[in-house]
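Below: the structure, in structure tokens.
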Amino acid sequence: MSDGISRRRALALLGTTATATVAGCLSDEDAPDDGSGALGSNTGADSDAEVEDTGPAPDDVTYGDVVEYESSFAVDLVITGEMAASGTQVVYEGDYRVEIEEEDGQVVEMYGIDGQHYINVMGHCDPDSRDADQGQYVDAEQEPDASTASLPAVGTASIGGEEVYVFEDGPDTIYVSVDTGYPVRIEGPTTQADFHSWGATDPISLPDECP
0 MSDGISRRRA LALLGTTATA TVAGCLSDED APDDGSGALG SNTGADSDAE VEDTGPAPDD
60 VTYGDVVEYE SSFAVDLVIT GEMAASGTQV VYEGDYRVEI EEEDGQVVEM YGIDGQHYIN
120 VMGHCDPDSR DADQGQYVDA EQEPDASTAS LPAVGTASIG GEEVYVFEDG PDTIYVSVDT
180 GYPVRIEGPT TQADFHSWGA TDPISLPDEC P
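Take the sequence shown: its position 18, counted from the start at 1, is 17 in numbering that gives the first Met the number 0, and no numbers get skipped.
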């Protein structure tokens with residue numbers, strides 16, 4: 000596959016990056032070892048773990064009542080549909096690194112560092128004119144806004160043995176750990192995001208090939 004085609008597909012992927020975002024609230028073996036944003040040891044639900052309903056939610060539980068968040072976390076992504084792919088997003092204090100592998104094995108990296116967006120395809124890394132926020136699949140800022148904070152829990156469930164509250168936000172379903180308050184999973188129409196490594200990721204840095 001030519002570099003030009005790969006870059007066009009990378010830009011097309013950017014068009015899908017809002018599907019699992021909860022604005023203002025969407026394994027360690029896969030951790031990058033180049034210092035560009037390694038994962039910690041706080042893993043969450045496996046992407047293949049099924050959701051099992053466990054009953055109704057307690058009365059008067061809202062998202063804002065129970066959610067906790069950190070400025071550093073990681074997300075495992077499964078994207079379906081026309082641009083099917085899988086990957087990981089690592090966040091550290093507002094900066095992020097996204098690595099997406101397409102069905103044909105092509106790998107695309109996207110970075111948002113100090114407000115600048117970069118795309119790295121086939122070892123060619125360049126700044127991109129788009130806003131850095133447009134390269135992320137899950138909002139790096141997880142503090143809930145008023146509308147998200149007021150969402151009522153609609154039930155409880157279990158994901159991989161972890162008890163969660165269930166919230167619905169338009170087409171998205173959000174699962175929040177009963178024990179920790181951290182988001183565990185967000186399911187959207189074409190994207191599943193499984194959160195882990197809360198407060199346990201390393202600083203993000205650009206690879207050597209980026210200017």
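Note that beta-carbon positions come from the ideal geometry of N, C-alpha and C, so glycine has one too. Remember, it's a predicted structure, so these values are computed and weren't measured experimentally.
Name the one or two DSSP bridge partners that residue i has.
i	result
residue 183	Paired residue(s): none; residue 183 is not in a bridge.
residue 54	155
residue 167	172
residue 162	157
residue 78	84 and 190
residue 199	Paired residue(s): none; residue 199 is not in a bridge.
residue 70	None, per the DSSP bridge assignment.
Taking the CB atoms as reference points, tell me whether residue i and residue j lie closer together than 8 angstroms.
i	j	result
residue 100	residue 86	yes
residue 46	residue 200	no
residue 51	residue 128	no
residue 139	residue 95	yes
residue 55	residue 126	no
residue 184	residue 178	no
residue 170	residue 159	no
residue 162	residue 172	no
residue 74	residue 137	yes
residue 202	residue 91	yes
Leaving aside the five residues before and after residue i along the sequence, list all residues of the same chain whose C-beta is less than 8 angstroms from its C-beta, in chain order.
i	result
residue 61	148, 149, 150, 151 and 152
Return the first residue and the last residue of the beta strand (DSSP E) that residue i is part of.
i	result
residue 59	Taken as a continuous stretch (DSSP letters only), residue 59 belongs to no beta strand (DSSP E), as it is neither H nor E.
Give me, in chain order, the residues of the same chain whose beta-carbon lies closer than 6 angstroms to that of residue i; leave out the 5 immediate sequence neighbours on both sides.
i	result
residue 80	189
residue 77	46, 85 and 191
residue 181	67 and 197
residue 83	102
residue 69	197 and 198
residue 106	100
residue 122	208
residue 119	108
residue 48	158 and 159
residue 114	131
Less than 7 angstroms between the CB of residue i and some heavy atom of the ligand PLP, yes or no?
i	result
residue 65	Among the ligands in the structure shown, none appear at all, so the ligand PLP cannot be discussed.
Within the same chain, show all residues whose beta-carbon is closer than 7 angstroms to that of residue i, passing over the 5 residues directly before and after it, in chain order.
i	result
residue 32	In this predicted model, residue 32 has a pLDDT of only 39, less than 50, meaning its place in the structure is not dependable; the value taken from the coordinates is given anyway. Nothing listed; no residue qualifies.
Hey, which unbroken runs of the alpha helix (DSSP H) at 4 residues or more fall wholly within the region 83-154? 145-148
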